[in-house]
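Everything below concerns the one structure shown next.
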Amino acid sequence: MYLTQGLHRAVQQHPDDVMTVFGDRTRTFAEVADRVGRLAAALQGLGVGSGDRVAMLSLNSDRFGEYLLAVPWADAVLNPVNIRWSPAEIAYSLQDSDTGVLLVDDTFAPMLPALREAAPGLRTVIHAGDGPTPDGAESYEDLIAGHDPVPDARRGGDALAGLFYTGGTTGHPKGVMLSHANLMVSALGILSTGYLFGSGTRCLHAAPMFHLADMAAWNATTAAGGAHVIVPAFEPVAVMNAIATHGATDSLLVPVMIQMLIDHPQIAEHDLTSLRAVLYGASPIAQSVLERAMKAFPNADFTQAYGMTELSPVATLLSPDDHRRGDRLRSAGRAAPHSEVLVVDAEDDEVPRGTVGEIVALGGHVMLGYWNQPEATAAAVRDGWMHTGDGGYMDDDGYVFVVDRIKDMIVSGGENVYSAEVENALATHPAVASCAVIGVPDDQWGERVHAVVVLRADQTVTAEELREHAKTRIAGYKAPRSAEFVDALPVSAAGKILKRELRAAHWSEGDREVH
Ligand code: ATP
Ligand code: MG
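UniProt numbering numbers the first residue of the sequence shown as 1 and each following residue consecutively.
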């Protein structure tokens with residue numbers, strides 16, 4: 001199994017069909033394969049050897065897709081860079097991963113002087129943009145024009161395919177080493193369900209392509225010989241236009257994106273009927289948002305994925321049928337075809353169904369390990385099982401319910417309170433646009449359940465009213481005892497709410513240990 005296999009099959013079977021659409025630029029499968037072979041040749045010509053890391057710092061583009069194929073083609077290792085990182089963080093990751101070659105687009109080219117200074121190991125920069133090539137950088141298009149294609153290395157299986165840094169939601173991002181087999185097992189597992197990225201797919205890439213969630217959609221679509229419609233970044237109107245203009249059929253969207261789309265005043269003006277499958281995940285979704293989304297996209301089958309970078313990234317799926325039945329919308333679904341999933345206690349014994357423990361997963365999608373962090377790897381992968389750090393429970397039919405990150409769990413008055421449940425209760429209040437629930441220090445309760453709330457335009461509500469509303473849905477001790485109102489919640493590039501930032505305002509550093 002190797003990342004480029006679907007491309008070869010597509011070239012054999014339908015070379016002249018369109019593979020990538022980016023703005024007004026389209027390329028066929030044969031054209032992309034030719035360019036990928038040339039880019040691989042150029043990388044090798046620049047001294048990229050087997051197993052060397054090649055980074056890309058870029059908004060979404062058709063060239064990002066070519067990078068995802070050319071690097072494995074050249075037998076090198078992908079290292080997509082989180083576009084939200086500061087220059088210092090990017091330089092740190094380039095040094096940490098010993099990456100000598102970086103592709104950069106027009107948006108991020110201005111960062112180059114700072115990166116070069118802070119990451120002396122960076123020896124070659126390739127400018128993968130349409131503007132003028134910055135000083136000292138190679139031009140992507142000149143490199144492609146100047147090289148003949150090399151044959152695909154076709155090295156797959158357990159060979160390292162990429163280094164993918166975790167979201168950094170809970171702390172310093174870790175470099176996750178994934179093999180070709182890891183990534184392909186996850187992609188083929190998703191495909192085998194039959195309801196995502198199948199034949200005739202035109203996959204819309206609106207989530208950041210550096211993130212493994214979108215790369216999973218890229219890999220599954222490419223494995224199935226489908227096409228890609230790419231927008232530079234998520235922007236509601238651009239996304240709705242891309243769907244309407246290019247007939248996008250399938251997309252990976254994270255919950256904040258779904259919420260921004262359904263709340264957008266122009267949604268009714270766009271023809272979104274081509275969209276037949278929406279895969280969402282990466283963070284919890286409020287049930288009320290999901291129910292509205294299913295109405296807003298009446299032709300779309302909804303699938304939820306739960307997983308993490310370390311699981312390449314999919315572990316469970318909530319199927320379209322489950323969505324239609326409607327009674328399990330709070331679940332993240334059941335173990336995906338390629339995964340086994342259990343809920344265990346601190347001794348790694350399975351807990352009874354319905355009891356909260358740590359979610360663990362086993363299968364060909366479990367990472368090779370964390371880059372340069374053998375202790376962290378040994379702590380996370382035990383007996384082959386990836387310990388997710390997520391708290392959850394499983395019902396009698398094998399449906400997994402994610403309740404909280406274990407690090408985020410709130411203990412108030414000796415009772416465990418899981419933020420997901422409280423957030424769901426608050427989200428049903430008509431004045432609440434979005435919210436996050438955290439534990440804050442409290443003399444009486446140890447930790448107090450505290451809500452950070454973004455209100456809908458022109459709406460007001462008091463903390464007390466929110467508490468009363470929550471109490472109609474959940475037990476009194478879980479209802480927030482305090483609330484603050486903010487304009488927006490801090491989110492990561494993958495749309496995850498950064499609770500550690502919210503907590504920082506309430507806890508002095510080192511005050512709150514993980515329990
Ligand atoms: P870091 O590990 O650096 O803190 P991160 O965990 O956010 O960052 P990712 O690997 O991108 O980095 O995210 C995986 C996490 O996202 C999971 O551990 C889980 O907490 C959350 N998650 C993913 N899918 C879902 C889902 N469907 N429902 C709820 N949470 C989800
Ligand atoms: Mg994580």
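We put the CB at the ideal spot given by N, CA and C, even for glycine.
The structure presented is a predicted model; accordingly, all values stated were derived computationally and were not measured.
Query	Result
In the segment 177-252, which residue ranges form an unbroken alpha helix (DSSP H) of at least 4 residues, counting only runs that do not cross its ends?	180-192, 212-223 and 236-246
With a cut-off of 8 Å on the beta carbons, I'd call Gly167 and Lys496 a contact; round off their distance for me.	6 Å
Just list the residues that DSSP pairs His450 with in beta bridges.	Ile438 and Ser482
Pull the bridge partners of Thr20 from the DSSP assignment, please.	Arg27 and His228
The ligand MG and Thr377: does the residue's C-beta get closer than 6 Å to at least one heavy atom of that ligand?	no
I need the DSSP call for His515, collapsed to helix, strand or coil.	Residue placement at His515 cannot be trusted, given a pLDDT of 38 that sits under 50; what the coordinates show is reported in the next sentence. Residue state, collapsed to three classes: coil.
Going by beta-carbon coordinates alone, are Gly6 and Gly225 separated by less than 7 Å?	yes
Going by the DSSP bridge assignment, what does Phe164 pair with across the sheet?	Val176
Whose C-beta lies closer than 8 Å to the C-beta of Val514 among residues of the same chain, with five residues either side of it excluded?	Low confidence applies here, because Val514 scores a pLDDT of 41, under 50, leaving its location unreliable; read the following figure in that light. Ile406 and Lys407, listed in sequence order.
Can Met294 and Arg353 be called in contact, C-beta distance under 7 Å?	no
Closer than 8 Å is the cut-off here; do at least three beta carbon pairs connect the segment 290-306 with the segment 265-281?	yes
Would DSSP call Met260 helix, strand or coil?	helix
With 16 as the cutoff for other CB atoms within 10 Å, does Leu3 come out buried or exposed?	buried
For the alpha helix (DSSP H) containing Pro120, name the first residue and the last one.	No alpha helix (DSSP H) holds Pro120; DSSP gives it neither H nor E.
Can you tell me where the alpha helix (DSSP H) with Met111 in it begins and where it stops?	Met111 -> no alpha helix (DSSP H), and no H or E assigned at all.
Give the DSSP bridge partners of Trp385, in chain order.	Arg382
By the three-class DSSP mapping on this structure, what secondary structure does Val71 have?	helix
Span of the alpha helix (DSSP H) holding Ser288?	Gln287 to Ala296
Check whether the Cβ atoms of Arg473 and Val449 lie closer than 7 Å to each other.	no
Any heavy atom of the ligand MG closer than 6 Å to the Cβ of Thr316?	no
Just the C-alpha distance for Leu178 and Ile90, rounded to the nearest angstrom, thanks.	20 Å
DSSP on Leu311, reduced to helix/strand/coil?	helix
When the Cβ atoms of the segment 203-217 are set against those of the segment 41-55, are three or more pairs found closer than 8 Å?	no
Just grab the DSSP bridge partners of Val351 for me.	According to DSSP, Val351 bridges with nothing at all.
Less than 6 Å separating the Cβ of Thr166 from some heavy atom of the ligand MG?	yes
Using beta-carbon positions only, say whether Arg467 and Ala431 come within less than 7 Å of one another.	no
Regarding Met308 and the ligand MG, is the C-beta to nearest heavy atom distance less than 6 Å?	yes
On the premise that His211 lies in contact with Ala483, defined as a C-beta separation below 8 Å, what is that separation, rounded to the nearest angstrom?	About 31 Å separates the two Cβ atoms, so there is no contact after all.
Just to check, is the beta-carbon of Val440 closer than 6 Å to a non-hydrogen atom of the ligand ATP?	no
Taking Leu143 as part of the alpha helix (DSSP H), name the residues at either end of that continuous run.	Tyr140 to Ala145
For His469, name the three-state secondary structure that DSSP assigns.	helix
Could you tell me which of Asn241, Thr249, Leu143 and His246 sits nearest to Leu261, measuring between CA atoms?	Asn241
Around the Cβ of Asp458, are there at least 16 other Cβ atoms within 10 angstroms (buried) or fewer (exposed)?	exposed
Ordered along the chain, which non-local residues of its own chain (more than five positions away) have a Cβ less than 7 Å from that of Phe22?	Ser61, Asp62 and Ile230
Residue range of the alpha helix (DSSP H) that Asp321 falls in?	Pro320 to Arg325
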